[in-house]
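In the UniProt record's numbering, the protein residues as written are 1 to 192.
The beta-carbon is built from N, C-alpha and C at its ideal position, and this holds for glycine as well.
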């Protein structure tokens, strides 16, 4: 309840005193209002302080370790993927060099053990020849064999200048010519 001039006049207080009372009452109300605002700001500051204390009490080292482990795991995964890609690329190239059928390279690479393929510190592959030998022995069924075979001829060609007798030649020959060339004629007629 606030003090009003009318109420103070009814109490029989003079005008000068009323002004003083109202001024003092206004100052008191302003002080109370300021105190209420300060109290509200203090509550907000306390809640912010509690929030910050809670943040400080959290396990930052644990979070840091967790994030570090997560990063290292991610980094290892990326490095492993790059190493696997490098191994697959090397194995694919070596299979092509060994002559493995192109359509068989991808399935063979998928089922092959890539851990055996090592690299030196400068990135060069180790034991390339042993890997090639393993490919040649283990996957020989997928390497086509090319064998060059000459043409088999039933009648080998005659030497140039050598006469070959045919039936037409026999019809034109005399009996004396036939007797002189009898062995050659019999051989030639067998191949006709």
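Just tell me which of the options has its CA closest to the CA of residue i.
i           : options               : result
residue 190 : 171, 151, 165 and 177 : 165
residue 139 : 99, 185 and 24        : 99
residue 124 : 71, 170 and 90        : 90
At the 8 angstroms Cβ level, is residue i part of the contact set with chain D, yes or no?
i           : result
residue 113 : Within the model displayed, chain D is absent; a lone protein chain is all it includes.
Beta carbon of residue i, beta carbon of residue j: below 8 angstroms?
i           : j           : result
residue 111 : residue 92  : no
residue 18  : residue 36  : no
residue 120 : residue 114 : no
residue 117 : residue 142 : no
If we count the other Cβ atoms within 10 Å of its Cβ and call it buried at 16 or more, is residue i buried or exposed?
i           : result
residue 87  : buried
residue 7   : exposed
residue 151 : exposed
residue 188 : buried
residue 16  : exposed
residue 135 : buried
residue 185 : buried
Would you mind giving the Cβ-Cβ distance between residue i and residue j, rounded to the nearest angstrom? I have them listed as a contact below 8 angstroms.
i           : j           : result
residue 22  : residue 49  : At roughly 40 angstroms, the Cβ-Cβ gap does not stay under 8 angstroms, so residue 22 and residue 49 are not in contact.
residue 128 : residue 94  : 7 angstroms
residue 97  : residue 145 : Between residue 145 and residue 97 the Cβ distance is about 16 angstroms, and since that is not below 8 angstroms, they are no contact.
Closer than 6 angstroms by C-beta to residue i: which residues in its own chain qualify, once you throw out the five before and the five after it? Chain order, please.
i           : result
residue 101 : 142
For residue i, which residues from the same chain have a beta carbon less than 8 angstroms from its beta carbon, with the 5 sequence-adjacent residues on both sides left out?
i          : result
residue 30 : none
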